[in-house]
Amino acid sequence: MKRFLPVMLLATLALAGCHSYKKENIHPPTPLAKDFKASVQVKQVWDARIGKGAGLTGVRLRPAYADGRLYVASTDGHIAALDAVSGKTLWERSTRMRSRLLWLGRKATRWPDAYYSGGPVVSGDLLVVGTLDGHVYGLDAKTGDERWHAELAAEVLSPPAIVGDQVVVRTEDGRVYSLNRETGARQWANDGGNVPVLSLRGNGALLAVNGVVFMGTDDGKLISLRLDNGEKLWEQLLASGEGRTDIDRLDDADGDVVLDGTTLYASAYHGNLSAVDGPSGRPLWSRAFSSATTPVVSNNMLYAVNDDSEVWAFDKAGGTDMWRSNALKYRWLSAPAVQGDYTVVGDFQGYVHWLKTSDGSLAARERLSKKAIRSQPLVVGDMVYVEDIAGHIAAYRLPKTP
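Mapping of the sequence shown onto mature numbering (1 follows the signal peptide of the UniProt record, and there is no 0): residues -16 to -1, 1 to 386, in sequence order.
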(Lines of atoms letter the chains of each structure in order from A and count residues from 1; the text may use other names and numbers.)
(Lines give C-alpha, C1' and ligand atoms only; values in the text may rest on other atoms or scores of the structure.)
Protein backbone atom coordinates (compact mmCIF):
# COMPACT_ATOMS: atom_id res chain seq x y z
CA MET A 1 0.00 0.00 0.00
CA LYS A 2 1.25 3.42 -0.93
CA ARG A 3 2.04 5.77 1.96
CA PHE A 4 1.73 9.52 1.59
CA LEU A 5 3.96 12.13 3.19
CA PRO A 6 2.54 15.65 3.27
CA VAL A 7 5.03 18.29 2.14
CA MET A 8 4.49 20.17 5.38
CA LEU A 9 5.21 17.18 7.63
CA LEU A 10 8.56 18.58 8.71
CA ALA A 11 6.77 21.72 9.86
CA THR A 12 4.20 19.97 12.03
CA LEU A 13 6.03 20.51 15.30
CA ALA A 14 6.94 24.01 14.24
CA LEU A 15 3.30 24.86 13.84
CA ALA A 16 2.59 23.44 17.29
CA GLY A 17 4.84 25.94 19.02
CA CYS A 18 8.16 27.72 18.76
CA HIS A 19 9.50 26.08 21.91
CA SER A 20 9.99 22.81 20.01
CA TYR A 21 12.27 24.14 17.27
CA LYS A 22 15.61 23.54 18.95
CA LYS A 23 14.58 20.33 20.67
CA GLU A 24 13.35 18.72 17.46
CA ASN A 25 16.03 20.27 15.22
CA ILE A 26 13.40 21.90 13.03
CA HIS A 27 14.15 25.14 11.25
CA PRO A 28 11.89 27.90 12.59
CA PRO A 29 10.12 30.01 9.96
CA THR A 30 11.67 33.38 9.29
CA PRO A 31 9.71 35.93 11.34
CA LEU A 32 7.96 38.72 9.50
CA ALA A 33 9.24 42.20 10.22
CA LYS A 34 6.73 44.13 12.32
CA ASP A 35 7.99 47.44 10.96
CA PHE A 36 7.71 46.35 7.32
CA LYS A 37 6.72 49.19 5.00
CA ALA A 38 5.23 48.27 1.66
CA SER A 39 6.63 49.91 -1.45
CA VAL A 40 3.44 49.21 -3.41
CA GLN A 41 -0.13 49.44 -2.15
CA VAL A 42 -2.10 46.27 -2.84
CA LYS A 43 -5.89 46.48 -2.66
CA GLN A 44 -8.09 43.60 -1.58
CA VAL A 45 -11.06 43.83 -3.94
CA TRP A 46 -13.23 41.16 -2.35
CA ASP A 47 -13.15 38.01 -0.23
CA ALA A 48 -15.42 35.00 0.09
CA ARG A 49 -15.54 31.50 1.53
CA ILE A 50 -16.68 28.32 -0.19
CA GLY A 51 -17.04 25.26 2.04
CA LYS A 52 -14.12 24.30 4.22
CA GLY A 53 -11.48 24.21 1.49
CA ALA A 54 -8.93 21.41 1.34
CA GLY A 55 -8.64 21.15 5.12
CA LEU A 56 -6.01 18.67 6.24
CA THR A 57 -6.33 16.41 3.19
CA GLY A 58 -3.03 17.66 1.75
CA VAL A 59 -4.46 18.46 -1.68
CA ARG A 60 -3.83 21.79 -3.41
CA LEU A 61 -7.24 23.07 -4.48
CA ARG A 62 -6.99 26.07 -6.78
CA PRO A 63 -9.72 28.16 -8.42
CA ALA A 64 -10.26 28.08 -12.17
CA TYR A 65 -11.18 31.05 -14.36
CA ALA A 66 -13.22 31.32 -17.56
CA ASP A 67 -15.39 34.03 -19.14
CA GLY A 68 -15.47 36.33 -16.14
CA ARG A 69 -16.24 33.55 -13.68
CA LEU A 70 -14.17 31.96 -10.96
CA TYR A 71 -14.89 28.32 -10.08
CA VAL A 72 -14.03 27.06 -6.59
CA ALA A 73 -14.39 23.63 -4.95
CA SER A 74 -13.83 22.17 -1.48
CA THR A 75 -13.18 18.72 -0.07
CA ASP A 76 -16.39 18.88 1.99
CA GLY A 77 -18.50 18.76 -1.17
CA HIS A 78 -19.07 22.40 -2.11
CA ILE A 79 -18.53 23.82 -5.58
CA ALA A 80 -19.41 27.31 -6.75
CA ALA A 81 -19.12 29.90 -9.50
CA LEU A 82 -18.25 33.45 -8.47
CA ASP A 83 -18.21 36.68 -10.42
CA ALA A 84 -14.47 37.25 -10.83
CA VAL A 85 -14.77 41.04 -10.50
CA SER A 86 -17.15 41.36 -7.54
CA GLY A 87 -16.87 37.98 -5.82
CA LYS A 88 -20.65 37.56 -5.94
CA THR A 89 -21.81 33.94 -5.84
CA LEU A 90 -23.51 33.09 -9.14
CA TRP A 91 -24.35 29.54 -8.12
CA GLU A 92 -23.28 27.09 -5.46
CA ARG A 93 -23.89 23.37 -5.15
CA SER A 94 -23.44 21.13 -2.15
CA THR A 95 -23.36 17.43 -2.88
CA ARG A 96 -26.08 15.19 -1.52
CA MET A 97 -25.29 14.08 2.02
CA ARG A 98 -25.55 10.59 3.46
CA SER A 99 -26.71 10.32 7.06
CA ARG A 100 -25.35 7.51 9.20
CA LEU A 101 -26.75 6.83 12.65
CA LEU A 102 -24.08 6.01 15.18
CA TRP A 103 -25.03 3.77 18.08
CA LEU A 104 -24.37 4.16 21.80
CA GLY A 105 -26.31 7.39 21.93
CA ARG A 106 -24.04 9.33 19.59
CA LYS A 107 -25.51 11.84 17.18
CA ALA A 108 -26.08 11.09 13.53
CA THR A 109 -23.13 12.10 11.39
CA ARG A 110 -23.32 13.19 7.75
CA TRP A 111 -20.71 12.72 5.04
CA PRO A 112 -20.71 14.35 1.60
CA ASP A 113 -20.96 12.08 -1.43
CA ALA A 114 -18.19 13.97 -3.20
CA TYR A 115 -14.95 15.06 -1.56
CA TYR A 116 -13.69 17.36 -4.31
CA SER A 117 -9.91 17.18 -4.58
CA GLY A 118 -8.79 17.52 -8.21
CA GLY A 119 -9.59 20.73 -10.00
CA PRO A 120 -11.87 22.33 -10.84
CA VAL A 121 -11.10 22.92 -14.51
CA VAL A 122 -13.35 24.50 -17.11
CA SER A 123 -13.54 24.55 -20.91
CA GLY A 124 -16.49 26.13 -22.67
CA ASP A 125 -19.64 25.03 -20.86
CA LEU A 126 -18.03 22.01 -19.17
CA LEU A 127 -16.72 22.08 -15.60
CA VAL A 128 -14.78 19.01 -14.41
CA VAL A 129 -13.65 18.07 -10.92
CA GLY A 130 -12.23 14.90 -9.34
CA THR A 131 -12.76 13.46 -5.86
CA LEU A 132 -10.92 11.68 -3.07
CA ASP A 133 -12.95 8.52 -3.68
CA GLY A 134 -11.91 8.24 -7.33
CA HIS A 135 -14.85 9.83 -9.11
CA VAL A 136 -14.79 12.47 -11.83
CA TYR A 137 -17.78 14.76 -12.30
CA GLY A 138 -18.70 16.67 -15.44
CA LEU A 139 -20.90 19.65 -14.58
CA ASP A 140 -22.65 22.38 -16.52
CA ALA A 141 -20.44 25.43 -15.99
CA LYS A 142 -23.41 27.81 -16.20
CA THR A 143 -25.59 26.10 -13.60
CA GLY A 144 -23.50 23.53 -11.71
CA ASP A 145 -25.89 20.74 -12.71
CA GLU A 146 -24.35 17.30 -13.15
CA ARG A 147 -24.00 16.00 -16.70
CA TRP A 148 -22.08 12.80 -16.03
CA HIS A 149 -19.74 11.13 -13.63
CA ALA A 150 -17.12 8.43 -14.02
CA GLU A 151 -15.66 6.07 -11.45
CA LEU A 152 -11.91 5.43 -11.49
CA ALA A 153 -9.63 3.23 -9.40
CA ALA A 154 -8.01 5.74 -7.04
CA GLU A 155 -7.99 9.29 -5.69
CA VAL A 156 -7.89 12.22 -8.10
CA LEU A 157 -5.46 14.70 -6.52
CA SER A 158 -4.72 16.99 -9.46
CA PRO A 159 -6.79 18.96 -11.98
CA PRO A 160 -7.87 17.00 -15.06
CA ALA A 161 -7.18 18.41 -18.53
CA ILE A 162 -9.97 19.14 -21.00
CA VAL A 163 -8.81 19.08 -24.61
CA GLY A 164 -10.97 18.58 -27.70
CA ASP A 165 -13.45 15.78 -27.07
CA GLN A 166 -11.40 14.32 -24.20
CA VAL A 167 -11.06 14.76 -20.47
CA VAL A 168 -7.70 13.39 -19.34
CA VAL A 169 -7.42 12.43 -15.67
CA ARG A 170 -4.59 11.25 -13.47
CA THR A 171 -5.10 9.19 -10.32
CA GLU A 172 -2.76 8.84 -7.34
CA ASP A 173 -1.80 5.28 -8.29
CA GLY A 174 -0.02 6.64 -11.38
CA ARG A 175 -2.67 5.77 -13.95
CA VAL A 176 -3.84 8.19 -16.63
CA TYR A 177 -7.33 7.94 -18.17
CA SER A 178 -9.02 9.50 -21.17
CA LEU A 179 -12.76 10.09 -20.78
CA ASN A 180 -15.27 11.18 -23.37
CA ARG A 181 -16.07 14.86 -22.87
CA GLU A 182 -19.80 14.42 -23.50
CA THR A 183 -20.50 11.21 -21.57
CA GLY A 184 -17.56 10.49 -19.27
CA ALA A 185 -17.09 7.07 -20.89
CA ARG A 186 -13.56 5.68 -20.65
CA GLN A 187 -11.61 5.77 -23.94
CA TRP A 188 -8.15 4.60 -22.89
CA ALA A 189 -6.01 4.08 -19.80
CA ASN A 190 -2.25 4.13 -19.24
CA ASP A 191 -0.86 2.26 -16.24
CA GLY A 192 1.74 4.99 -15.70
CA GLY A 193 5.16 4.39 -14.26
CA ASN A 194 6.58 3.10 -11.03
CA VAL A 195 4.83 4.50 -7.95
CA PRO A 196 7.10 4.38 -4.87
CA VAL A 197 5.82 2.94 -1.61
CA LEU A 198 6.44 6.29 0.08
CA SER A 199 5.47 9.45 -1.76
CA LEU A 200 4.66 13.08 -1.19
CA ARG A 201 0.93 13.72 -1.12
CA GLY A 202 -0.41 15.25 -4.31
CA ASN A 203 0.21 15.31 -8.05
CA GLY A 204 0.91 18.02 -10.57
CA ALA A 205 -1.70 19.00 -13.14
CA LEU A 206 -1.66 17.32 -16.53
CA LEU A 207 -0.57 19.43 -19.48
CA ALA A 208 -2.31 18.43 -22.71
CA VAL A 209 -1.27 20.27 -25.87
CA ASN A 210 -0.60 19.51 -29.55
CA GLY A 211 -1.79 15.92 -29.28
CA VAL A 212 0.49 15.14 -26.32
CA VAL A 213 0.04 14.82 -22.55
CA PHE A 214 2.93 15.84 -20.28
CA MET A 215 3.19 15.02 -16.58
CA GLY A 216 5.64 14.62 -13.73
CA THR A 217 5.65 11.29 -11.90
CA ASP A 218 6.05 10.14 -8.31
CA ASP A 219 9.40 8.54 -9.17
CA GLY A 220 10.96 11.77 -10.41
CA LYS A 221 10.37 11.61 -14.16
CA LEU A 222 8.88 13.88 -16.78
CA ILE A 223 6.93 11.80 -19.29
CA SER A 224 5.12 12.39 -22.56
CA LEU A 225 2.06 10.39 -23.69
CA ARG A 226 0.13 10.33 -26.95
CA LEU A 227 -3.24 11.98 -26.46
CA ASP A 228 -5.07 9.67 -28.88
CA ASN A 229 -4.15 6.36 -27.22
CA GLY A 230 -2.04 7.01 -24.09
CA GLU A 231 1.16 5.40 -25.40
CA LYS A 232 4.39 6.75 -23.94
CA LEU A 233 6.51 8.83 -26.30
CA TRP A 234 9.49 9.64 -24.09
CA GLU A 235 10.60 10.14 -20.49
CA GLN A 236 13.25 12.32 -18.89
CA LEU A 237 14.73 11.85 -15.42
CA LEU A 238 14.36 14.80 -13.03
CA ALA A 239 15.67 13.08 -9.88
CA SER A 240 17.68 9.97 -9.08
CA GLY A 241 15.84 8.75 -5.98
CA GLU A 242 19.09 8.00 -4.17
CA GLY A 243 19.62 8.14 -0.42
CA ARG A 244 20.04 6.11 2.75
CA THR A 245 16.44 6.31 3.97
CA ASP A 246 12.98 6.32 2.42
CA ILE A 247 12.72 10.03 3.22
CA ASP A 248 16.03 10.73 1.47
CA ARG A 249 14.83 8.83 -1.59
CA LEU A 250 11.65 10.87 -2.04
CA ASP A 251 11.85 12.34 -5.53
CA ASP A 252 8.31 13.25 -6.57
CA ALA A 253 7.77 15.62 -9.48
CA ASP A 254 4.59 17.06 -7.96
CA GLY A 255 4.59 20.52 -9.51
CA ASP A 256 2.80 21.28 -12.76
CA VAL A 257 4.76 21.00 -15.99
CA VAL A 258 5.06 24.47 -17.54
CA LEU A 259 5.20 25.05 -21.29
CA ASP A 260 6.80 28.14 -22.85
CA GLY A 261 6.96 27.96 -26.64
CA THR A 262 8.26 24.44 -27.22
CA THR A 263 10.22 24.26 -23.95
CA LEU A 264 8.97 22.41 -20.88
CA TYR A 265 10.03 23.36 -17.36
CA ALA A 266 9.65 20.96 -14.44
CA SER A 267 11.20 20.21 -11.06
CA ALA A 268 11.37 17.36 -8.56
CA TYR A 269 11.75 17.04 -4.82
CA HIS A 270 15.37 16.09 -3.98
CA GLY A 271 16.05 16.53 -7.69
CA ASN A 272 16.55 19.11 -10.40
CA LEU A 273 14.90 22.04 -12.08
CA SER A 274 15.07 21.24 -15.77
CA ALA A 275 14.27 22.64 -19.19
CA VAL A 276 13.33 20.02 -21.78
CA ASP A 277 12.50 20.24 -25.47
CA GLY A 278 8.83 19.27 -25.68
CA PRO A 279 8.70 17.51 -29.06
CA SER A 280 11.80 15.34 -28.53
CA GLY A 281 12.29 15.12 -24.76
CA ARG A 282 15.87 16.31 -25.20
CA PRO A 283 17.26 18.03 -22.08
CA LEU A 284 18.23 21.67 -22.64
CA TRP A 285 19.58 22.47 -19.19
CA SER A 286 19.29 21.16 -15.66
CA ARG A 287 20.45 22.27 -12.24
CA ALA A 288 20.15 20.93 -8.71
CA PHE A 289 17.01 22.40 -7.20
CA SER A 290 14.72 20.54 -4.81
CA SER A 291 11.10 21.60 -5.15
CA ALA A 292 7.63 20.05 -4.95
CA THR A 293 5.90 23.12 -6.39
CA THR A 294 5.27 24.64 -9.81
CA PRO A 295 7.66 27.14 -11.44
CA VAL A 296 6.33 30.07 -13.45
CA VAL A 297 7.67 31.73 -16.60
CA SER A 298 7.40 35.46 -17.24
CA ASN A 299 9.20 37.24 -20.07
CA ASN A 300 12.78 35.89 -20.07
CA MET A 301 12.70 34.69 -16.48
CA LEU A 302 11.74 31.53 -14.62
CA TYR A 303 10.66 31.85 -10.98
CA ALA A 304 10.58 28.94 -8.54
CA VAL A 305 10.39 28.15 -4.82
CA ASN A 306 12.66 25.46 -3.34
CA ASP A 307 11.86 23.18 -0.41
CA ASP A 308 13.45 25.67 2.02
CA SER A 309 10.96 28.30 0.80
CA GLU A 310 13.59 30.41 -0.88
CA VAL A 311 12.33 32.24 -3.95
CA TRP A 312 14.65 32.07 -6.96
CA ALA A 313 14.76 33.78 -10.34
CA PHE A 314 16.55 32.11 -13.27
CA ASP A 315 17.34 33.01 -16.84
CA LYS A 316 14.93 30.68 -18.62
CA ALA A 317 17.25 30.16 -21.58
CA GLY A 318 20.19 28.70 -19.69
CA GLY A 319 19.17 28.28 -16.05
CA THR A 320 21.57 30.90 -14.67
CA ASP A 321 20.30 32.20 -11.33
CA MET A 322 19.63 35.94 -11.36
CA TRP A 323 18.65 36.40 -7.72
CA ARG A 324 17.57 34.47 -4.63
CA SER A 325 15.43 35.72 -1.75
CA ASN A 326 15.61 34.08 1.68
CA ALA A 327 13.35 36.70 3.29
CA LEU A 328 10.58 34.08 3.64
CA LYS A 329 12.77 31.05 4.30
CA TYR A 330 11.07 28.08 5.99
CA ARG A 331 7.63 29.72 5.77
CA TRP A 332 6.32 26.81 3.64
CA LEU A 333 5.52 28.91 0.62
CA SER A 334 3.11 28.11 -2.17
CA ALA A 335 4.20 27.96 -5.77
CA PRO A 336 4.86 31.43 -7.18
CA ALA A 337 2.78 33.44 -9.62
CA VAL A 338 3.68 36.64 -11.46
CA GLN A 339 1.43 39.69 -11.23
CA GLY A 340 2.84 42.59 -13.22
CA ASP A 341 6.30 43.39 -11.88
CA TYR A 342 5.88 41.20 -8.81
CA THR A 343 6.20 37.55 -7.84
CA VAL A 344 3.34 36.47 -5.55
CA VAL A 345 3.46 33.64 -2.98
CA GLY A 346 1.36 32.55 -0.01
CA ASP A 347 2.67 31.11 3.27
CA PHE A 348 1.69 28.75 6.09
CA GLN A 349 0.17 31.53 8.23
CA GLY A 350 -2.15 32.86 5.53
CA TYR A 351 0.02 35.78 4.44
CA VAL A 352 0.34 36.79 0.79
CA HIS A 353 3.68 38.31 -0.23
CA TRP A 354 4.67 40.36 -3.28
CA LEU A 355 8.37 40.37 -4.27
CA LYS A 356 9.87 42.54 -6.98
CA THR A 357 10.67 40.47 -10.04
CA SER A 358 13.72 42.66 -10.64
CA ASP A 359 15.64 41.76 -7.47
CA GLY A 360 13.43 39.64 -5.16
CA SER A 361 12.99 42.33 -2.51
CA LEU A 362 9.74 42.31 -0.54
CA ALA A 363 7.29 44.92 -1.82
CA ALA A 364 3.94 44.21 -0.12
CA ARG A 365 2.19 41.91 2.31
CA GLU A 366 -1.47 41.13 2.99
CA ARG A 367 -3.13 38.53 5.19
CA LEU A 368 -5.89 36.42 3.73
CA SER A 369 -6.54 34.44 6.92
CA LYS A 370 -4.72 32.50 9.62
CA LYS A 371 -4.74 29.30 7.56
CA ALA A 372 -2.03 28.00 5.25
CA ILE A 373 -1.98 28.89 1.56
CA ARG A 374 -0.78 25.82 -0.35
CA SER A 375 -2.04 26.39 -3.87
CA GLN A 376 -0.44 28.61 -6.47
CA PRO A 377 -2.08 32.06 -6.73
CA LEU A 378 -4.07 32.57 -9.92
CA VAL A 379 -3.36 35.72 -11.95
CA VAL A 380 -5.99 36.97 -14.40
CA GLY A 381 -5.45 40.40 -15.89
CA ASP A 382 -4.73 42.88 -13.11
CA MET A 383 -6.15 40.60 -10.40
CA VAL A 384 -4.60 37.78 -8.40
CA TYR A 385 -6.82 35.24 -6.64
CA VAL A 386 -5.53 33.44 -3.55
CA GLU A 387 -7.14 30.50 -1.72
CA ASP A 388 -6.23 28.98 1.65
CA ILE A 389 -6.83 25.46 2.97
CA ALA A 390 -9.99 26.53 4.84
CA GLY A 391 -11.91 27.73 1.77
CA HIS A 392 -11.19 31.45 2.13
CA ILE A 393 -10.52 33.14 -1.20
CA ALA A 394 -9.69 36.75 -1.98
CA ALA A 395 -8.95 38.92 -4.99
CA TYR A 396 -6.13 41.48 -4.90
CA ARG A 397 -5.31 44.25 -7.34
CA LEU A 398 -2.12 46.23 -7.82
CA PRO A 399 -2.25 49.95 -8.59
CA LYS A 400 -2.15 50.83 -12.26
CA THR A 401 1.26 51.84 -13.52
CA PRO A 402 1.45 55.28 -15.13
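Idealized CB from N, CA, C, for every residue including glycine.
The three-state secondary structure of Y249, taken from DSSP, is strand. Beta-bridge annotation (DSSP): V281 is paired with L286. When the beta-carbon positions are compared, V29 and R381 come within less than 8 Å of each other. Where V151 is concerned, the enclosing beta strand (DSSP E) starts and stops at Q150 to R154. In this structure, DSSP gives P267 an extended state, which the three-state scheme calls strand. Rounded to whole angstroms, A48 and D67 show a C-alpha spacing of 12 Å. Judged by DSSP in its simplified three-state form, R185 adopts coil rather than helix or strand. A319 sits away from V363, with the two beta carbons spaced by 8 Å or more. Leaving aside the five residues that flank S23 on each side, the residues in its chain whose CB is nearer than 6 Å to its CB run, in chain order, A347. Checking the DSSP bridge columns, you'll see R358 has no partner listed. DSSP places W218 in the uninterrupted beta strand (DSSP E) bounded by K216 to L221. Your pair A137 and R159 checks out as a contact, with CB atoms roughly 7 Å apart and the cut at 8 Å. When A57, V26 and G52 are compared, the shortest CA-CA separation from R33 is found for A57. Distances from the alpha-carbon of A311 to those of A374, L211, Q150 and D343 put D343 closest. Distances from the alpha-carbon of K313 to those of V147, F298 and V289 put V289 closest. The C-beta of T277 has 16 or more other C-beta atoms within 10 Å across all chains shown, which makes the residue buried. Taking the CA atoms as reference points, G35 sits about 17 Å from G334.
Following the DSSP letters along the chain, one finds I207 inside the beta strand (DSSP E) bounded by residues K205 to R210.
Here Q171 is near L163, since their CB atoms are less than 8 Å apart. By the neighbour-count definition (other C-beta atoms within 10 Å, threshold 16), V193 is an exposed residue. Rounded to the nearest angstrom, the gap between the Cα atoms of D212 and N174 is 11 Å.
Per DSSP, V26 has no beta-bridge partner at all.
Secondary-structure assignment with DSSP links I63 through a beta bridge to A57 and R77.
The Cβ atoms of G245 and L222 do not sit closer than 8 Å to each other.
In this structure, the straight-line span from the alpha carbon of V281 to that of A145 is close to 20 Å. Assigned with DSSP and collapsed to three states, R315 falls in coil, not helix or strand.
In the DSSP assignment, no residue is bridged to S101.
With a cutoff of 8 Å on beta-carbon distance, G37 and D372 are scored as near each other.
T41 is not a Cβ neighbour of L110, given a cutoff of 8 Å.
When rounded, the separation of the alpha-carbon atoms in Y55 and A65 is 5 Å. Inter-residue distance for S224 and N256 is about 9 Å (C-alpha atoms, whole angstroms). Counting the other CB atoms within 10 Å of its CB gives G61 a total of 16 or more, which places it among the buried residues. Judged by DSSP secondary structure, T115 falls within the beta strand (DSSP E) whose first and last residues are L110 to T115. Rounded to the nearest whole angstrom, the CA to CA distance from E226 to A379 is 42 Å. Between the alpha carbons of W307 and A98 lies a gap of roughly 43 Å.
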